[in-house]
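Novice: Taken in order, the sequence shown gives residues 129 to 453; the numbers are from the working numbering.
This is the structure I have questions about; it appears just below.
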Amino acid sequence: MRVVVSGGSGFLGSHLCEVLLRRGDRVCCLDDFSSGRAANVGHLLGEPRFECAPCDVTERVRVTGEVDAVVHLASAASPRDYSRRPLQTLAAGSRGTENLLRLALRHQARFVLASTSEVYGDPEVHPQREDYWGHVNPIGPRSVYDEAKRFAEALSMAYRRSEGADVGIVRIFNTYGPRMRPHDGRVVSTFIRQALDGEELTIYGDGSQTRSFCYVDDLISGLLAMVDAHLPGPFNLGNPSERTVRELAELVLLITGSDRGLRFEPLPVDDPVRRRPDITRAREGLGWRPRVSLAEGLSRTVSWFAADSDTSGRPSQHLPVGRMS
Ligand code: UDP
């Protein structure tokens, strides 16, 4: 297959590109490098089946040649990133999604939308099943991401119903692993960076809010199954093992051997109180389930952070590439 991956140099995108190449596919990676790091795909550039082009998917998407699948991951995804770039985030979910849907439709290609657990907002139903419609504040600071993804889902389903597009939706829950940016503001990357830098870990609120953390390799195997499945979904992809933020902090302290302890800071507006995916549908529909425990996944991630030289938070350099057929 030849697969177009938007956001292909981001955290999830770069892992997906790698796995697609490993199984023999051709990959066309599109990224504007606003939050993706060029270094994430630098090691793939010598690979003849890999192409990478700078592209803002909210403007125009030009891909020549055959396309068998399009995976739309391009978006700011951490609360820090999307609150700094609210208009671009809304555009990525709306115009960006439409541009990529049109590309897929033109080629009769599979289209997979990377949606999010944020479509459930601050959920009143727990754990979250795909038939729950969510509890989102449409004008709060998180709305630029939540509503953009909800619109992207609506648009994708409209293309499926009215144009016959082969659309599939996955709702991605908190995912962590190598290649997260140390300054992206997310909880796992922040705690690991702080612990390795000998800083206190910053807990927002009292740390009793919960999340369910999925290791990146598990997430990517679910995403890959969705590329191949020709099912509409939506499917929750995440690890149902739910932890409080405080438990996560204590685990990071333990794994890194840090004794600096915790510091408590105010909880951000509309921060969801709890989150856990019900993955019954993905298990039955895709034959998928996560396998990596939090302790194991965190250990691997800590090792990567400890070895990664670019933990300075410098803006990522731009790729000197543009090889497109
Ligand atoms: N959080 C925290 N300290 C941090 C960063 C995040 O306590 O330094 C909390 C945040 O308030 C939220 C949870 O960790 O309750 C997960 O935050 P993240 O930004 O990773 O993702 P979210 O699930 O909120 O999109």
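Built from N, CA and C at the ideal position, the CB exists for glycine as well.
Ends of the alpha helix (DSSP H) at His143?
Specialist: Unbroken alpha helix (DSSP H) run through His143: 139 to 150.
Novice: Hey, how far is the Cα of Arg451 from the Cα of His235?
Specialist: With a pLDDT of only 35 at Arg451, under the threshold of 50, the placement of this residue in the model should not be trusted, and no figure is reported.
Novice: Spatial neighbours of Ser317 within its chain, please: CB distance less than 6 Å, with the 5 preceding and 5 following residues excluded, ordered by chain position.
Specialist: Excluding sequence neighbours, Ser317 sits near Met308, Pro310.
Novice: What does the Cβ neighbour count give for Ala434, buried or exposed, with the cut at 16 atoms within 10 Å?
Specialist: The residue in question, Ala434, is exposed, as its Cβ has fewer than 16 Cβ neighbours within 10 Å.
Novice: Would Glu403 pass as a contact of Pro266 if the rule is Cβ separation under 8 Å?
Specialist: First, the residue type needs correcting, since residue 403 is Arg and not Glu in the sequence shown. Result no, Cβ atoms of Arg403 and Pro266 do not sit closer than 8 Å.
Novice: Counting pairs of beta carbons, one from the region 420 to 429 and one from the region 373 to 382, are three or more of them closer than 8 Å?
Specialist: They touch, by the three-pair rule.
Novice: Would you mind working out which of Asp184, Asp159, Arg208, Trp432 sits nearest Tyr273, comparing C-alpha positions?
Specialist: Nearest option by C-alpha distance: Arg208.
Novice: Looking at the structure shown, is Phe319 part of a helix, part of a strand, or coil, going by DSSP?
Specialist: Reduced to three states, the DSSP call for Phe319 is helix.
Novice: Take the Cβ of Gly255 as the centre, count every other Cβ of all protein chains shown within 10 Å, and call the residue buried at 16 or more, exposed below.
Specialist: Rather than Gly, the amino acid found at residue 255 in this sequence is Pro. Answer is buried; the Cβ neighbour count reaches 16.
Novice: Let me check one thing: in DSSP terms, what residues is Ser243 bridge-paired to?
Specialist: Answer is Arg299, bridged to Ser243.
Novice: In whole angstroms, give me the CA-to-CA distance for Pro400 and Gln337.
Specialist: Taking the straight line joining both Cα atoms gives about 7 Å.
Novice: Indicate the three-state DSSP secondary structure (helix, strand or coil) for Asn364 in the structure shown.
Specialist: Asn364 falls in the strand class under three-state DSSP.
Novice: How is the alpha helix (DSSP H) around Ser431 delimited, first residue to last?
Specialist: Taken as a continuous stretch (DSSP letters only), the alpha helix (DSSP H) holding Ser431 covers 422 to 435.
Novice: Using three-state DSSP, classify Leu381 as helix, strand or coil.
Specialist: Leu381 falls in the helix class under three-state DSSP.
Novice: Once the 5 residues before and after Ile297 are set aside, which same chain residues still bring their CB inside 8 Å of it?
Specialist: Taken in chain order, the residues that qualify are Val240, Leu241, Ser243, Glu281, Ser284, Met285, Pro360, Gly361, Pro362, Phe363.
Novice: Which residues in the same chain as Trp416 place their Cβ atom closer than 6 Å to its Cβ, once the five residues preceding and following it in sequence are excluded?
Specialist: Counting only Cβ-Cβ distances below 6 Å, and skipping sequence neighbours, we find Gly350, Ala353, Ala410.
Novice: Would you tell me roughly how many angstroms separate the C-alpha atoms of Ser444 and Arg190, rounded to the nearest one?
Specialist: Low confidence applies to Ser444: its pLDDT is 36, below 50, so where it sits in the model is not reliable enough to give any reading.
Novice: Please classify Leu215 as buried or exposed, where buried requires at least 16 other C-beta atoms within 10 Å of its C-beta.
Specialist: So Leu215 counts as exposed.
Novice: Just confirm the distance between the C-beta atoms of Val131 and Leu148, as a whole number of angstroms; I'd bet it's less than 8 Å.
Specialist: Yes, they are in contact, since the Cβ atoms of Val131 and Leu148 sit about 5 Å apart, within 8 Å.
Novice: Excluding sequence positions up to five away, which residues of its chain have a Cβ less than 8 Å from the Cβ of Arg213?
Specialist: Around Arg213: Ser162, Ala204.
Novice: Might you give, ordered along the chain, the residues of its own chain that have their beta carbon closer than 8 Å to the beta carbon of Gly268, omitting 5 neighbours on each side?
Specialist: These residues qualify, in order along the chain: Val397, Asp398.
Novice: Can you pull the DSSP bridge partners for Phe178?
Specialist: Answer is Val155.
Novice: Got a sec? Which residues, its chain only, sit under 7 Å from Leu324 by beta carbon, not counting five neighbours each side?
Specialist: Answer for Leu324: Thr384, Phe433, Ala434, listed in chain order.
Novice: Straight-line CA distance for Gly136 to Ser271?
Specialist: Taking the straight line from one Cα to the other gives about 24 Å.
Novice: Can you list, in chain order, the residues of its chain whose CB lies under 7 Å from that of Gly335, leaving out five sequence neighbours each side?
Specialist: Excluding sequence neighbours, Gly335 sits near Thr372, Val373, Arg374, Ala377.
Novice: Which of helix, strand or coil does DSSP assign to Pro251?
Specialist: Three-state DSSP puts Pro251 in coil, outside helix and strand.
Novice: With a cut-off of 8 Å on the beta carbons, I'd call Ser134 and Leu201 a contact; round off their distance for me.
Specialist: Confirmed, Cβ separation roughly 6 Å.
Novice: Considering just the uninterrupted stretch of the alpha helix (DSSP H) at Glu279, what are its terminal residues?
Specialist: At residue 279 the sequence reads Phe, which differs from the Glu that was named. Start and end: 271 to 291.
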